[in-house]
Structure formats: structure tokens, C-alpha cells
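Residues are numbered in our numbering as their position in the sequence shown, beginning at 1, plus a constant of 634. The C-beta atom is built at its ideal place from N, Cα and C for all residues, glycine as well. Every value quoted in this text rests on a predicted model; they were computed, and no experiment measured them. First up is the structure itself, then whatever we jot down about it.
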Amino acid sequence: MSSGARSGKSGGKRCLVTGGAGFIGSHLVDHLLDRGDEVVVVDNFSTGKRSNLRGHENDTRLRVIESDASDAVQGFGSHERFDQVYHLAAAVGVKRIIEQPIESIETNIRETSAVLHYAASCAARRETPPAVLIASSSEVYGKGSKSPFSEEDDCVYGPTTALRWSYACTKAIDEYLALAHHARSGLPVVVARFFNTVGPRQVGEYGMVLPNFIDAVLAGRSPEVYGDGTQTRCFCDVRDIAPVLPRMIESSACHGRVFNLGSDSSISIADLARLVARTLGSDIQPVLIPYDRAYAPGFEDLRQRRPDLRRIRGAVGFEPTIDLARTIRDVARTRGWSASDQ
Ligand code: UDP
């Protein structure tokens, strides 16, 4: 792929996807290539996987750079131009944040800062800057008890001795940086606050609940429900999420704004465990595990987390379409399950 020209031969866009080999990033890459864009993926493969980009090996419109985003954008200089930058590279998963707090905090702030400075430097050179999407998280709301969470709501965090909130703080700093670049130089930036996103390629090793429950049921083990299982979440399939990201970045009405992104249909975690078992034809029952054993003493979980979707619906007409049972079946199929196993 040529490195200098903007807009590919196909007439599509030239896109940079940091974290493009990760769970959400790789689905976005699929979508961008499908619609005819050229894509540069930057991923340090700390959690991303080359296998997530399987099927595109011979596609000359895809280039994969193994690097931290900050190093990669420094190397781009003025010769590499993009229409769109999707910054999805981050340390993810509450479990990982608790296990590796320093690396996670520093990564999340440093990488976002570098990507935004890179985009802003294009404007400083009087080039048209790329539009930038910054991936944030519903964690930013912290432990507010309001439901649903709306973008202008207060963010409520626990004490700094409770490590869990460090992730929320890093994502909040990323949002401040993005909005400040927009305010200072008019950089076209949009912030997406992802709520619980699920689907094929998500792995359970960083603590995410759905792949853990599916892996447990497929192995004939009881899904481990933390706490009493009455806490609720809203799960949205990544294949609903990925196509909306280009629509957000391409809508000037979205620039300089923050958007919730996910499903607003709630389920308790105990019901989720039962749904996984039922969908995969198992009668295995969940087991309850106290939070201090699951995470660490003093761990504070969120009782509920549900997005107000009015803003994203109004801006780009977003509506999730894939139901949770289908997501469960599709994820299980990627782990060798078939409906005839029931
Ligand atoms: N959870 C669980 N069992 C697991 C992993 C997570 O019961 O194996 C719970 C977790 O405590 C939380 C919910 O499921 O209440 C969602 O956890 P996840 O880490 O997926 O997302 P988040 O807490 O960020 O919403």
C-alpha cells in the first residue's frame, strides 16, 4: 500500500486503527476493508492477536505495524496522511488494571495524548487533520447510581486506594484531552463511551464476563458469578458497534462531543449465566463467588450500568440488532461448539 497518498485507489478513506488487532478494533478493520478503505493497523500485540485479522493476509489495502501507537505516530512524520484515526489501543479489563496498575494508567494516558498530538500536528502544518475517534468507556461514570447514565451526568469515583477507579480516571483524562484539542484547534474529535461490548474474538482472560461464562459452560464447569449476581449490565454485540464508528467520525455534528455506545437492554449477571447455559443446551448451574475472592479485598462493583442512548440515536440513528442469545451461539461456535451438541 502506498504510504503517502490520502484516500485509497478504491475511492475509500485512508484509516489508521490503533489497537486494530484487538477485539473491537479487528471488527472495525473488517468493516473498513469491506467498504473499500485502506487501513493501517498499529498494535503492540500485548492483548491484540494476529489471528483476529485472519482473512486479510493477502489484502494489499491493509498494513500492520507492530508498535505502540505513540512510537508509530512519531515515525509517521509528515509523509503519512490519514482521513480518519480510530484510537482503540488501550489497557483493557478491570482485572488487568488491578494486576498491572502502573502500566495500565501510563499506557492509557500516554498513547491517547500522542495520537491527539499527531492529529493536531497535521493541522499545525496547515494540512487537513484527520478526524479522530477516541475510545472511552462506561467506567468513566464511576459508581454513580443514576440509571440510565447520560453523557452530561456527574462522574463519581471511589478513593484512590481502590485501584478499580484508576481506569475510569485515565479514560476521563483521555476525554478531557480530546475535548481540549477540539476546543483549542477545532480538531474533529469524537469520543465513544463503550458500554459492555461482547462477541466473537473477545477473550475471558482479562476478566470479561461473557467469554468466561461461555468457556465455563463449554468445559462443563459452573459459571462463576461474582457477588450475589443481581448486579445488571447491558451487553451489545461488537458487530453492531463496529459499523457505527465510521458514521460517528464522519458526522461533523458528532465532533467535539461524547457519546454513549452500547445496548440499553439490561440483564442480571446471574440471569446471564443461566442464559448462557440454556442457549448452549446445558443444565449446569452458576456458582456464587464473593468479590474479595474474585478480585481483591475491598473491591467495589457497580450495581447497574445502563446507557442513555438518546444522543447517539439522534446523531446517527444507532440501534443494536443482534440479540444476546445469537451472540452467545456465535461466540461458542468460534470455540468449536455446534447447535447439534445440544
Ligand atoms: N463477573 C462475573 N464473573 C466473571 C467475570 C465478571 O460475575 O467471571 C461480573 C463482574 O463482577 C461484573 C459483571 O460480571 O459485575 C461484568 O463484568 P465485566 O468485567 O465483564 O464488565 P464490567 O464490570 O466492566 O461491567
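Any non-hydrogen atom of the ligand UDP within 7 angstroms of residue i CB
i, result
"aspartate 935", "yes"
"arginine 582", "Because the chain here runs from 635 to 976, residue 582 falls outside it and cannot be looked at."
"glutamine 865", "yes"
"glutamate 839", "no"
"asparagine 846", "yes"
"arginine 944", "no"
"glycine 820", "no"
"arginine 939", "yes"
"glycine 861", "yes"
"asparagine 830", "yes"
"isoleucine 658", "no"
"valine 728", "yes"
"glutamate 733", "no"
"glutamate 858", "yes"
Residue i classed as buried or exposed, judged by whether at least 16 other C-beta atoms fall within 10 angstroms
i, result
"glycine 638", "With a pLDDT of only 45 at glycine 638, under the threshold of 50, the placement of this residue in the model should not be trusted; the figure read from the coordinates follows. Result: exposed."
"glycine 948", "exposed"
"glutamine 734", "exposed"
"glutamine 836", "buried"
"tyrosine 810", "exposed"
"lysine 805", "buried"
"arginine 684", "exposed"
"aspartate 808", "buried"
"leucine 687", "buried"
"alanine 907", "buried"
"glutamate 745", "buried"
"threonine 955", "exposed"
"aspartate 871", "buried"
"threonine 741", "buried"
"proline 834", "buried"
"proline 880", "buried"
"arginine 945", "buried"
Cβ shell of residue i (< 7 angstroms), same chain only, five flanking positions each side left out
i, result
"serine 856", "Ala850, Ile918, Gln919, Pro920 and Val921"
"glycine 653", "Gly659, Asp677, Gly682, Leu722, Ala723 and Ala724"
"lysine 780", "Asp787"
"serine 747", "Leu811"
"valine 774", "Cys789, Ala802, Lys805, Ala806, Glu809 and Arg827"
Whole-Å CB distance - residue i paired with residue j, under 8 angstroms assumed
i, j, result
"aspartate 671", "glycine 646", "4 angstroms"
"phenylalanine 710", "serine 772", "With 8 angstroms as the limit, phenylalanine 710 and serine 772 do not qualify as a contact, their Cβ atoms being about 31 angstroms apart."
"alanine 830", "cysteine 868", "Here residue 830 turns out to be asparagine, not alanine, going by the sequence shown. Going by Cβ atoms, the distance from asparagine 830 to cysteine 868 rounds to 6 angstroms, so yes, they are a contact pair."
"glycine 727", "glycine 841", "5 angstroms"
"glutamate 785", "asparagine 894", "6 angstroms"
6 angstroms Cβ shell around residue i - same chain, five flanking residues per side excluded
i, result
"glycine 838", "Pro845, Asn846 and Asp849"
"threonine 864", "Ser902"
"alanine 928", "Tyr860"
"leucine 914", "Val851 and Ala966"
"phenylalanine 657", "Arg835 and Gln836"
Proximal residues to residue i (C-beta, below 8 angstroms), its chain only, five neighbours per side dropped
i, result
"arginine 759", "Ser712"
"leucine 797", "Ile731, Ile732, Pro735 and Ala930"
"aspartate 898", "Pro782, Cys868, Arg940, Pro941, Asp942 and Leu943"
"phenylalanine 679", "Ala655 and Glu700"
"tyrosine 1050", "Residue 1050 is absent from the structure shown; the chain starts at 635 and stops at 976."
"threonine 794", "Ser800"
"aspartate 975", "Leu914 and Gly915"
Tell me, please, whether the segment 851-871 touches the segment 959-976 by the rule of three or more beta-carbon pairs shorter than 8 angstroms. yes
- Query: Can at least three beta-carbon pairs, one atom from the segment 764-778 and one from the segment 688-708, be found at a separation below 8 angstroms?
  - Reply: no
Query - Contact between the segment 955-962 and the segment 800-811 (3+ Cβ pairs under 8 angstroms) - result: no
Item to complete: Report yes or no: do the segment 934-951 and the segment 810-822 share at least 3 C-beta pairs separated by less than 8 angstroms?
Response: no
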